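**Student:** Our numbering puts the first residue of the sequence shown at 2, with every later residue one more than the last.
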Amino acid sequence: MTSIQTLLLTIAMIYPPSQAAGEIYKWVDEYGRVQYSDKPNSKNSEEISITTTQSSPTLPSDEERRQARDRLLEVFREDREQARINAAEEKSSKTTHLSNCRLARSQLEQLQQAQYLYDENAAGERVIYSESERNAAVDRANANVEKWCNYHKP
Numbered sequence: 002m003t004s005i006q007t008l009l010l011t012i013a014m015i016y017p018p019s020q021a022a023g024e025i026y027k028w029v030d031e032y033g034r035v036q037y038s039d040k041p042n043s044k045n046s047e048e049i050s051i052t053t054t055q056s057s058p059t060l061p062s063d064e065e066r067r068q069a070r071d072r073l074l075e076v077f078r079e080d081r082e083q084a085r086i087n088a089a090e091e092k093s094s095k096t097t098h099l100s101n102c103r104l105a106r107s108q109l110e111q112l113q114q115a116q117y118l119y120d121e122n123a124a125g126e127r128v129i130y131s132e133s134e135r136n137a138a139v140d141r142a143n144a145n146v147e148k149w150c151n152y153h154k155p
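Structural data, given as structure tokens:
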């Protein structure tokens, strides 16, 4: 900071205006936006009177600063804890998807390698799948592989 800047800053701090009053004009432009200026822009400009007073700044006490610091540290701690929980949930989700993917691939492979597929009826007899039933089972297995192995996070 140069000596002139320091001098101007010192003067501004020593002799602050107790009240600053100015003329401000308000109007609506041709696009319907409200505009403000220190000079009237059109015949429909409306003068707004603004007065400000300077308040003396009060510095926080040591106790208030400690409390603010403690609140901030608590927020940081909560953020870190939430990040840890989110990471654990994401890891669990990835593990579940990986396990389900392996199972889905294994089931698809078994269906594709089997010479024929069957279910047992109520009497315990084997009922062999027709070609369309077999194709539907393979399609369902392919859908499960797609679901679990090509996982994209929501």
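Idealized CB from N, CA, C, for every residue including glycine.
Owing to the predicted nature of the structure, the values given are computational and were not obtained by experimental measurement.
1. Can you give me the start and stop residues for the beta strand (DSSP E) that E132 sits inside?
2. Please confirm whether D140 and V128 have their CB atoms less than 9 Å apart.
3. Please list the terminal residues of the continuous beta strand (DSSP E) segment that includes R127.
4. Could you check whether I25 and S38 sit closer than 9 Å to each other, using their CB atoms as the reference points?
5. So, is A137 buried or exposed, given that buried needs 16 or more other C-beta atoms within 10 angstroms?
6. Could you tell me the alpha carbon to alpha carbon distance between P17 and P58, rounded to whole angstroms?
7. Could you pull the DSSP bridge partners for K40 from this structure?
8. Look at L99 and N143 and say whether their C-beta atoms are less than 9 Å apart.
9. Taking the alpha-carbon positions, what's the S93 to E147 distance?
**Tutor:** Based on what the coordinates show:
1. Here E132 belongs to no beta strand (DSSP E); instead the alpha helix (DSSP H) covers 132-150.
2. no
3. 127-129
4. The answer is yes: Cβ separation under 9 Å.
5. exposed
6. Residue confidence for P17 is low, a pLDDT of 49 falling below 50, so the modelled location carries little weight; the figure read from the coordinates is stated next. Looking at the backbone, the Cα of P17 and that of P58 are separated by about 13 Å.
7. Answer is none; K40 lacks a bridge partner.
8. no
9. 19 Å
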